[in-house]
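Right, one structure below, let's go through it.
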Amino acid sequence: MENPQAETIKVVKELSGISCSMEMPRYSLVSRKLLKIYSEKKKSSSQNSDAIYIPGSVFVDHSCTSPEDMENIELVLWLQDCAKKVADQEFNRARRLLKICGRDASQTGNPMQRIVYYFVEALKEKIDREIGLILPRREYEKPMDAEKVLTRQLHAMFSLKNKLPVSSITHLIGIQSVLDNVTSAKKIHLIDLGIKSGSHFTVLLQSLAVWKECAVELLKITVVGTSRARLEWIGKQLLSFAQNMKVPFQFSFKVIESDMKDLKEEHFGLENGEVVAVYCSLRLWSMLAFPGHIEVLLGVINKLNP
Numbered sequence: 039m040e041n042p043q044a045e046t047i048k049v050v051k052e053l054s055g056i057s058c059s060m061e062m063p064r065y066s067l068v069s070r071k072l073l074k075i076y077s078e079k080k081k082s083s084s085q086n087s088d089a090i091y092i093p094g095s096v097f098v099d100h101s102c103t104s105p106e107d108m109e110n111i112e113l114v115l116w117l118q119d120c121a122k123k124v125a126d127q128e129f130n131r132a133r134r135l136l137k138i139c140g141r142d143a144s145q146t147g148n149p150m151q152r153i154v155y156y157f158v159e160a161l162k163e164k165i166d167r168e169i170g171l172i173l174p175r176r177e178y179e180k181p182m183d184a185e186k187v188l189t190r191q192l193h194a195m196f197s198l199k200n201k202l203p204v205s206s207i208t209h210l211i212g213i214q215s216v217l218d219n220v221t222s223a224k225k226i227h228l229i230d231l232g233i234k235s236g237s238h239f240t241v242l243l244q245s246l247a248v249w250k251e252c253a254v255e256l257l258k259i260t261v262v263g264t265s266r267a268r269l270e271w272i273g274k275q276l277l278s279f280a281q282n283m284k285v286p287f288q289f290s291f292k293v294i295e296s297d298m299k300d301l302k303e304e305h306f307g308l309e310n311g312e313v314v315a316v317y318c319s320l321r322l323w324s325m326l327a328f329p330g331h332i333e334v335l336l337g338v339i340n341k342l343n344p
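Residue numbers (my numbering): 39 to 344.
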């Protein structure tokens, strides 16, 4: 490498006026610049060295970069070298570098140490798989049941929302907007185009149950999605909740299994006298990657006349 220490000193001098005259974030401008320069120098360096190069040797002490920043930079550079060795299938050298990284990486250290820790663990597993110490997953594990995994996830989401009700603030605002527009309706047909855990509907049921001026005789909820089993599980939970609440109105839950591009007005089975409301919290932005889906959806919503 062409005198990296001199190059480093030059950069420090260039940036010292900036970095020393203001408060810098945890990983300073100097540190990031040094890391970038080292990477560029390393790419253009000779490829015939068999020894493990010591990244820290390119750095010098100076007043503008903290010792912790310098240690973090060296740690990242060790990891970078290790990843390169793994990619080149030089596993013996990679293991030696992993040991070096492992000395300073920590599951409970600063952000950089934690990131490096998990990369080190992943690289260890990759090496073990490549050399046959770990069998391919398909040979010793049965494939997971996607529906069971989703059900367990929904249980966890319900528990989280019960423990941290502040996470439901956005849903509370959306549900209140619906209530404000159906105050005199006797039959409400609420269509959800992006249901997740369904916990926001418990708020709706509670609000209607204690609303003294409530004239609702029927609340029908229709959800649209591609996983019928998951949606039906949510429906059972909401039906059970409505029974426990002893809501003074009829409550039904319907599932439409459909991709948005195939959605049609007749799928919803609207009946005379129903007031329709459409709920799609944080749903439309996720459809931007699918050309035409938003246009189809908005066309259907327009025909439903909510």
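Quick reminder that beta carbons are idealized off the backbone N, C-alpha and C, glycines included.
{"Check": "Can you tell me whether glutamate 106 is helix, strand or coil according to DSSP?", "Outcome": "helix"}
{"Check": "Excluding five sequence neighbours on each side, which residues of the same chain lie with their C-beta closer than 6 Å to the C-beta of valine 158?", "Outcome": "Leu136, Cys139, Gly140, Ala143"}
{"Check": "Nearest by alpha-carbon distance to threonine 264: which of Ala247, Leu276, Asn282, Leu231 is it?", "Outcome": "Leu231"}
{"Check": "Just checking: is the beta-carbon of glycine 236 within a distance shorter than 8 Å of some beta-carbon in chain D?", "Outcome": "No chain D is present in this structure, which holds just one protein chain."}
{"Check": "Rounded to whole angstroms, what is the Cα-Cα separation between alanine 121 and methionine 150?", "Outcome": "16 Å"}
{"Check": "For the beta strand (DSSP E) that contains isoleucine 229, what are its first and last residues?", "Outcome": "225-230"}
{"Check": "Quick check on leucine 243: buried or exposed, where buried means 16 or more other Cβ atoms within 10 Å of its Cβ?", "Outcome": "buried"}
{"Check": "When the Cβ atoms of the stretch 272-284 are set against those of the stretch 301-309, are three or more pairs found closer than 8 Å?", "Outcome": "no"}
{"Check": "Could you give the C-beta distance for valine 316 and isoleucine 211, rounded to a whole number, given that I count them as a contact under 8 Å?", "Outcome": "Contact doesn't hold; Cβ gap of about 16 Å is too wide."}
{"Check": "Going by DSSP, name the residue or residues bridged to tyrosine 317.", "Outcome": "Asp230"}
{"Check": "Take cysteine 318 as the anchor and find which of Thr221, Leu336, Thr240 has the nearest alpha-carbon.", "Outcome": "Leu336"}
{"Check": "Restricting to Cα atoms, I'd like to know which of Trp249, Val248, Leu256, Ile213 is closest to lysine 225.", "Outcome": "Leu256"}
{"Check": "What's the gap between the Cα of aspartate 166 and the Cα of asparagine 148?", "Outcome": "27 Å"}
{"Check": "Using the DSSP secondary-structure output, state which residues sit across from glutamate 312 in a beta bridge.", "Outcome": "Lys225"}
{"Check": "Of the choices Ala223, His227, Leu246, whose alpha-carbon is the least far from that of glutamine 214?", "Outcome": "Leu246"}
{"Check": "Is glycine 307 helix, strand or coil when you go by DSSP?", "Outcome": "coil"}
{"Check": "Under the rule that 16 or more other beta-carbon atoms within 10 Å means buried, what is alanine 223, buried or exposed?", "Outcome": "buried"}
{"Check": "Tell me which residues share the same chain as leucine 217 and place their Cβ nearer than 7 Å to its Cβ, disregarding the 5 neighbours each side in the sequence.", "Outcome": "Ser245"}
{"Check": "Can you find the residues in the same chain that come closer than 7 Å, C-beta to C-beta, to glutamine 145, ignoring five residues on each side of it along the sequence?", "Outcome": "Arg152, Tyr155"}
{"Check": "For the alpha helix (DSSP H) holding glycine 337, just list the boundary residues, first then last.", "Outcome": "331-342"}
{"Check": "The alpha helix (DSSP H) spanning valine 285 covers which residue range?", "Outcome": "It is not in any alpha helix (DSSP H) - valine 285 carries neither H nor E in the DSSP assignment."}
{"Check": "Quick check: the Cα distance between asparagine 343 and glutamate 312, rounded to an integer number of angstroms?", "Outcome": "11 Å"}
{"Check": "As an exercise, report each continuous beta strand (DSSP E) stretch of at least 3 residues that is fully enclosed by the stretch 114-160, in chain order.", "Outcome": "none"}
{"Check": "Helix, strand or coil, according to DSSP, for alanine 253 in the structure here?", "Outcome": "coil"}
{"Check": "Going by CA-CA distance only, name the one from Met283, Glu333, Thr260 that's closest to histidine 305.", "Outcome": "Thr260"}
{"Check": "Span of the alpha helix (DSSP H) holding phenylalanine 239?", "Outcome": "237-248"}
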